[in-house]
Amino acid sequence: TRELLAAAVDLGASSGRVVLGRVGPDRLDAEVVHRFANDPSRRDGHLRWDLAALEAGMLDGLAAAVARGRSAGGVTSAGVDTWAVDYGLLDPGGRLLADPVHYRDERTAGLRERLRPVIGDEEWYGVTGLQFLPFNTAYQLVAEEPELLARAEHLLMVPDLLVQRLTGAVAAERTNASTTQLYDVRAGRWSAQLIDALGLPRRLFPEVVDPGSAAGVLLPAVRERTGDDGRLTVHRVGSHDTASAVLAVPAEGERFAYISCGTWSLVGVELDAPVLTADSLAADFTNETGVDGTVRYLRNVTGMWLLEESRRQWRREGDAPELGELLAAAAAQPARRSVIDADDPSLAAPGDVPGRIRELCRRTGQEVPATPAAVVRCIVDSLALAHAETLADAVRLSGREVDVVHVVGGGALNALLMQATADACGLPVLAGPAEATALGNLLAQARAAGVVGGREHARELLRRTQRLVRYEPRDTASWRPLTAGVPVAG
Ligand code: LRH
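Residues in the sequence shown are numbered from 3 upward in steps of one, following full-length UniProt numbering.
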């Protein structure tokens, strides 16, 4: 039988990994061969990603994958996925003009309101179907330094930038282009109308290409650095990490919801066509493009960011409990003592998240969590509630009925959060795989190689090969009153 040996480069907001995958008609094995930190920092007035460091991590990882794969027949394919929305600008020689600015930078503050008279909400939503996240690419471009825009020949999203470093190819992978708020979701191309309305140069936006297409072989210098002998081809995958994650949801049929639970919790359903109704706009649901042109109908919930950033704060304060320890201590705390709006804007920027959570509890007249364990309990309960409310909205707005909630991503390993989510949703949760983004990345490559068939086949393969944990809803009734009465900050 045919098998594919492929590398998935998968970058998250706080770390990156390169996974060596072996995919065949009856197997899907993935091994992390390299992990590296992703440490954005403030430079030249903005919070920025360090692209050179990410590129170095990617190259080290590819070298490790190539070395490891040599005895097994050789790595013949690679793909790159990262978070969405962020981009870099290239000069006509293909050089990066500045490190990409992080979506959590404050440069887009207030832009949604300022741009309303230029492009109305209905018009914008009608074309793109995209939720109005404060950091959408369109807002970032309006906030961009005019001098850089004038010098730029092309804009590339972060995964496309990394593919350009590997192959020299310049193109916009479709799933990630759909997160820019400049992409026409029904026509399946850049919206010249929106680009012109914002006064952006049309030349910036390269050809849109599909997951599964070949980007090219490695540049000579990259070949040398990674040890590839010329056999490896870089393929486009669902380069938006969430597109890759949802491809790797091990669902059967269509009566399912998913939560891609990492730094963000992306909560929704998979549809064939976008929902562009006034109710959907009012609920700020998004219609992102998936692999195969599916629609990810979802809303962003502030996910494990709250836990990640709290732990960074505790480390800064010199008190750094292990994650396992923290969760065990949180499990021993009384449930739902204090529940906050996880999506409160005050929690979005890096900094003292535990302090801000305490402030929200104080403002809403709830018990103020005094210890890290109590803060973590508050985070878990608040996320479970946000999961349930968003899921109910997704079902109501799309008309899609669901029997099960699939949770993929690192959060699937958090048993406390999974049980609370099952309880709050009143539905069984099927948790796993945790490495869904990397697996979805590999599966898109396996399809390009003809080793895996359609989406159904990919998911069936996942069900056969991945270990899933089932959480039955237990303590559902006590969530109901809270759902109606959760104190809204303000
Ligand atoms: C998750 C994610 C999400 C986007 C956000 C910027 O990693 O890609 O889908 O909304 O990051």
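Every residue, glycine too, gets a C-beta built ideally from N, C-alpha and C.
Between residue i and the rest of its own chain, which residues show a CB-CB distance below 6 Å, the 5 nearest in sequence each way excluded?
i, result
"residue 489", "Residue placement at residue 489 is poorly supported in this model, since its pLDDT is 44, which falls under 50; the coordinates are not used for a value here."
"residue 402", "271"
"residue 213", "238, 239, 240, 293, 446"
In its own chain, which residues sit with a C-beta less than 7 Å from the C-beta of residue i, not counting the 5 before and 5 after it?
i, result
"residue 332", "375, 378, 379, 382, 418"
"residue 392", "269, 301, 303"
"residue 257", "403, 404, 405"
"residue 128", "278"
"residue 422", "382, 383, 386"
"residue 282", "399"
"residue 477", "425"
Assuming contact is defined by CB atoms lying nearer than 8 Å, are residue i and residue j in contact in what I supplied?
i, j, result
"residue 79", "residue 237", "yes"
"residue 470", "residue 426", "no"
"residue 510", "residue 77", "Residue 510 lies beyond the residue range present for the chain, which begins at 3 and ends at 492; the question has no answer from this structure."
"residue 156", "residue 144", "no"
"residue 160", "residue 89", "yes"
"residue 228", "residue 64", "yes"
"residue 435", "residue 472", "no"
"residue 163", "residue 206", "no"
"residue 474", "residue 424", "yes"
"residue 218", "residue 177", "no"
"residue 20", "residue 66", "yes"
"residue 448", "residue 8", "yes"
"residue 87", "residue 130", "no"
"residue 73", "residue 39", "no"
"residue 32", "residue 441", "yes"
"residue 195", "residue 126", "no"
Please report the distance separating the alpha-carbon of residue i from that of residue j.
i, j, result
"residue 350", "residue 267", "13 Å"
"residue 23", "residue 364", "48 Å"
"residue 323", "residue 34", "25 Å"
"residue 225", "residue 201", "40 Å"
"residue 140", "residue 4", "43 Å"
"residue 457", "residue 372", "47 Å"
"residue 231", "residue 6", "17 Å"
"residue 408", "residue 343", "23 Å"
"residue 484", "residue 369", "Caution applies to residue 484, whose pLDDT of 48 falls short of 50 and renders its modelled position unreliable; the model cannot decide the point."
"residue 252", "residue 410", "9 Å"
"residue 280", "residue 395", "14 Å"
If contacts are defined as beta-carbon pairs under 8 Å, then residue i and residue j qualify, I think. What distance do you get, rounded to the angstrom?
i, j, result
"residue 210", "residue 174", "5 Å"
"residue 250", "residue 464", "6 Å"
"residue 134", "residue 286", "6 Å"
"residue 62", "residue 36", "6 Å"
"residue 290", "residue 180", "5 Å"
"residue 352", "residue 311", "6 Å"
"residue 388", "residue 354", "The Cβ separation is near 21 Å, so there is no contact."
"residue 96", "residue 166", "7 Å"
"residue 100", "residue 150", "6 Å"
Considering only residues of the same chain and omitting the five flanking positions on each side of residue i, which have a CB-CB separation below 8 Å?
i, result
"residue 193", "129, 130, 184, 185, 186"
"residue 276", "131, 187, 188, 289, 297, 299"
Could you check whether the segment 381-400 touches the segment 305-322, counting it as contact only if at least three pairs of C-beta atoms, one from each stretch, sit closer than 8 Å?
yes
Validate contact between the segment 38-53 and the segment 403-420 using beta carbons, cut 8 Å, 3 pairs
no
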